[in-house]
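Student: In our numbering, the protein residues as written are 106 to 260.
1) Tell me which same chain residues have a C-beta within less than 8 Å of the C-beta of residue 253, skipping the five on either side of it?
2) Look at the Cβ atom of residue 184, then the Cβ atom of residue 171, and state whether they are nearer than 9 Å.
3) Measuring straight from C-alpha to C-alpha, what distance separates residue 234 and residue 179?
4) Determine the contact status of residue 156 and residue 214, defining contact as a CB-CB distance below 9 Å.
5) What residue range does the alpha helix (DSSP H) around residue 154 cover?
6) Please name the residue, chosen from 123, 168, 194 and 217, that lies closest to residue 177 on a Cα-to-Cα basis.
7) Can you give the beta carbon distance from residue 181 to residue 187, rounded, assuming they're within the 8 Å contact cut?
8) Pull up the DSSP beta-bridge partners for residue 173, would you.
9) Just checking my contact of residue 208 with residue 231 at CB under 8 Å: how many whole Å lie between their CB atoms?
10) Tell me, which residues are paired with residue 243 by DSSP?
11) Roughly how many angstroms separate the alpha carbons of residue 130 and residue 145, rounded to a whole number?
12) By the three-class DSSP mapping on this structure, what secondary structure does residue 165 have?
13) Could you tell me which residues DSSP pairs with residue 237 in its beta bridges?
14) Compute the Euclidean distance between the alpha carbons of residue 161 and residue 243, then round it to the nearest angstrom.
15) What number of angstroms, rounded off, separates the C-alpha of residue 153 from the C-alpha of residue 212?
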């Protein structure tokens, strides 16, 4: 309690209490926790891409991965920034802390033809980016793989 109603000597004056009331601090911390819990998923907004699924074991993702995404309309994006196909390597070179030995995660929509994916991989190889990982959703493979078609694994 912060104050005492009566003193031991019978005086009607209230005695001062030198204790810190931590209840407002706890309230503020809970509000901040809720704000960060809501804001954290919103800070990782991605381009909507329908990725295929894979049953391969997932590897550890680096702290700040570099994603190259191929949308169904065959447009390319690095992260969330759209780039032209011919400017892909120059845009990767312009990224701070980007080196040729860092992994690039390539995400291609399910509707992208295989030849277009290979063209992007060829652009990356010619630019000196040989460490590439293909991104897929974890879980049960799609219906074609369940019917006996051969499944691909991550490199």
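Where a beta carbon is used, it is the ideal one built from N, C-alpha and C, also for glycine.
Tutor: Reading off the structure:
1) In the chain shown, the residue the question calls residue 253 occupies position 148. Residue confidence is low: residue 253 scores 44 on pLDDT, short of 50, so the model does not pin down where it sits. Its coordinate-derived value is still stated next. No residues qualify anywhere along the chain.
2) Within the chain shown, numbered from 1, the residue matching residue 184 stands at position 79. Within the chain shown, numbered from 1, the residue matching residue 171 stands at position 66. Yes, these two residues count as a Cβ contact at 9 Å.
3) Along the chain shown, one-based indexing puts residue 234 at 129. Along the chain shown, one-based indexing puts residue 179 at 74. Their Cα atoms are separated by approximately 20 Å.
4) Counting from one through the chain shown, the residue named residue 156 turns up at place 51. Counting from one through the chain shown, the residue named residue 214 turns up at place 109. Yes. Within cutoff.
5) Here residue 154 refers to the residue found at position 49 of the chain shown. Run containing residue 154: none; DSSP gives neither H nor E here.
6) Within the chain shown, numbered from 1, the residue matching residue 177 stands at position 72. For the residues 123, 168, 194 and 217, the minimum Cα distance to residue 177 belongs to 217.
7) Reading the chain shown from its first residue, position 76 is the one you call residue 181. Reading the chain shown from its first residue, position 82 is the one you call residue 187. Yes, residue 181 and residue 187 are in contact; Cβ-Cβ is about 7 Å, under 8 Å.
8) Position 68 of the chain shown holds residue 173. Looking at the DSSP assignment, residue 173 forms a beta bridge with 183 and 211.
9) As a position in the chain shown, residue 208 is number 103, starting the count at 1. As a position in the chain shown, residue 231 is number 126, starting the count at 1. Contact flag wrong, Cβ pair sits at about 18 Å.
10) As a working mapping, residue 243 is identified with position 138 in the chain shown. Bridge partners of residue 243: 159.
11) Taking the first residue of the chain shown as 1, we reach residue 130 at position 25. Taking the first residue of the chain shown as 1, we reach residue 145 at position 40. Each residue's alpha carbon lies about 22 Å from the other.
12) The residue you call residue 165 lines up with position 60 of the chain shown. It is coil, neither helix nor strand.
13) Here residue 237 refers to the residue found at position 132 of the chain shown. DSSP output for residue 237 lists 209 as bridge partner(s).
14) Looking up residue 161 in the chain shown gives position 56. Looking up residue 243 in the chain shown gives position 138. C-alpha separation (whole angstroms): 8 Å.
15) By one-based count along the chain shown, residue 153 stands at place 48. By one-based count along the chain shown, residue 212 stands at place 107. Roughly 11 Å between the two C-alpha positions.
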